[in-house]
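Quick note, in our numbering, the sequence shown goes up one by one and the last residue is 494. Here the structure is laid out as structure tokens; the discussion comes afterwards.
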Amino acid sequence: MDSCTDSNSDLDEELPFVLTKPPQPPVKSSARCDAMTISSDSDDDAPYVPWSCASNRSRTMPAPQVGNDNPKYRGINLSQSPIGISPSSMVDSQQNGNGSQSPGATCRAPKRTAGEVQKSKEEALRRKQAREEKQREKGVQRMGKEEEKAQKKAMAEAAKALRPEECIKYMVAVVDPGKEGRGALLSSLQTLGCSCAIEKQPLPRSVSWRRRTPGGQSVDGDGEQEKDVVIQMTLEDFINLSHSRTECGRTLTSWIQELQGRHPQKDISLVVIGLEQYFRSNKAQSQKKMREAVVGVEQGGAKRKKKAGAEGALPELSRVEVEEAVVHLQLTTGVCVHFLSAWKDFTEHITMATKAVAEAPFKRERDNSGFSFYLDSKWAGGQKVDRTGKGLLQVWRRQIQQLNRVSADMASAVLATYPSPHLLTQAYHSCQTERDKMDLLSDIPIRRGEGVTSTVRRVGPELSKRLCVLMTATDPEQTFGS
């Protein structure tokens, strides 16, 4: 019983570590061990060491080799020991006892001074301000991109609104309430696709126009006021003002100048209805007077003339006098006068004027953006040629017709003889002398008209010479006249 107790105490003294961790490789220790090595070979020779002394001594002793290297502990599985002792715990406690810091230990930061705290606050505030400034810059950039996108969209819509097929939708024709025949006029404008409004105008009996913005929907809303104005002038006012020119009174020109002085931003044009009926009426009156004079009733005619004058008959004006008044008005003020026969013609005139006013900005932009030498028209807009060669004859015709003083009949005559430039070039190569080349096309006949009224003439040497220079010249500086 005593031997068993001694052996157990020896085992406890030789295993002074806690079996709480799995076995780990041995850790070398730099601390020197002053304790006596106790051997378990002989239980009798082993000195007795109390447990408290063994615990204190184990802190300075190196960790024993556990495993197959040490035959003393061979066959002992420390990881399955109920005590749970691990060699690493002994090494950690040994290092802590020597004053060295373990890798897992945390070091408490020293207390900062007031200056360091203030500097840290300033640095944090500076970083915060930098973040806020960066966010503001991003917001400004985002808003700028959105505004630029909105501007591009508005410009695209405005450009689309100026197209000929779209511009009429944004026009508002403003008709004066005192204008006659406005029922038929409003119906015609609505058929065209233009909006209408009846408003009091600064110029009486006039029609003006207003252009809505692409986003505007209300007819009565604000819009860009156009400068074109059409005034429907009564026949009585026109005749009286034109007749006053011969009597040194208030003339048609002075009246228009007064309107232009009050409205300098307006481009005024006049429309007069029924002038032809006035001339026919005057002619009928003159013929009637002639017949009455022949039958000898001059006295009765004079009485009727006086009675008619008392009722306010219009003064008699000839066509020459009217033309003189109109030409003087146009040369002095730049105002044109349109003479119409009926209200139906006036409605058509206003309809065409509405379309012209609507398309005016698009045409001005087209003229300003194009080149002076490029004629963007139906005649000079190019000729479409398909894969089968259809359209090449028209290209060859236009190439000839682009020369100065070359009509369509001349080009057709040359085209009938030489349907392609290659054939004409071969004909020039077959000529023997330079003179023959110049006169090759001179005798080609040009026919004008059909039937008994048709005429025939030749192309002539001038056009023949220019075509020869065009087709055979190799000097880029050579002119047609050389």
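All residues carry an ideal CB built from backbone N, CA and C; glycine is no exception. Being a predicted model, the structure only gives us computed values, none of them experimental.
In the DSSP annotation of this structure, Thr491 is not part of any alpha helix (DSSP H), being labelled neither H nor E. Sixteen is the threshold: when 16 or more other Cβ atoms of the shown chains lie within 10 Å of the Cβ of Ile268, as they do, the residue is buried. Sixteen is the threshold: when 16 or more other Cβ atoms of the shown chains lie within 10 Å of the Cβ of Glu238, as they do, the residue is buried.
Between the region 136–145 and the region 199–217 there are fewer than three C-beta pairs closer than 8 Å, too few to call the two in contact. In this structure, DSSP gives Asp398 a state outside helix and strand, which the three-state scheme calls coil.
Runs of the beta strand (DSSP E) lying entirely within the region 391–466 and spanning at least 3 residues, in chain order: 457–460. For the pair of segments examined, the region 331–345 was found not to touch the region 295–308: the number of CB pairs separated by less than 8 Å stays below three.
In the three-state DSSP reduction, His350 falls in the strand class (E or B). Just so you know, the alpha carbons of Ser218 and Ser281 end up roughly 10 Å apart.
In this structure, Leu204 sits near Thr366, with a CB-CB distance shorter than 8 Å. DSSP places Cys480 in the uninterrupted alpha helix (DSSP H) bounded by Pro473 to Thr484. Each residue's CA atom was taken as its position, placing Glu248 and Asp188 some 19 Å apart.
Exclusion of the five residues before and after Asp240 leaves Asp279 and Val369 as the residues of its chain whose Cβ lies within less than 6 Å of its Cβ. Residues Arg459 and Arg460 of the same chain have their beta carbon placed closer than 8 Å to that of Ser466, with the five preceding and five following residues left out of the count. By the Cβ criterion, the region 446–455 is not in contact with the region 370–377, since fewer than three pairs of Cβ atoms, one from each stretch, lie closer than 8 Å. For Asp249, the uninterrupted alpha helix (DSSP H) segment begins and ends at Leu247 to His255.
Counting only runs of 4+ residues, the alpha helix (DSSP H) found wholly inside the region 162–217 occupies 194–204, in chain order. Taking one beta carbon from each stretch, the region 480–488 and the region 429–447 have 3 or more pairs nearer than 8 Å; the two touch. Here Arg262 has Ser256 as same chain residues with Cβ atoms under 6 Å from its own Cβ, once five neighbours each way along the sequence are excluded.
With 16 or more neighbouring CB atoms inside 10 Å of its own CB, Cys179 falls in the buried class. Excluding the 5 residues flanking it on each side, Pro226 has same chain C-beta neighbours closer than 8 Å at Ala166, Glu169, Ala170, Lys172, Ala173 and Tyr182, in chain order. If you look at Leu287, you'll find it in the alpha helix (DSSP H) that goes Leu287 to Val307.
With respect to the C-alpha of Asp448, the residue from Pro433, Gly127, Ala425 and Ser476 having the closest C-alpha is Ser476. DSSP places Ser220 within a strand segment (E or B) once states are collapsed to three. One alpha carbon belongs to Glu288, the other to Gly235, and they sit about 39 Å apart.
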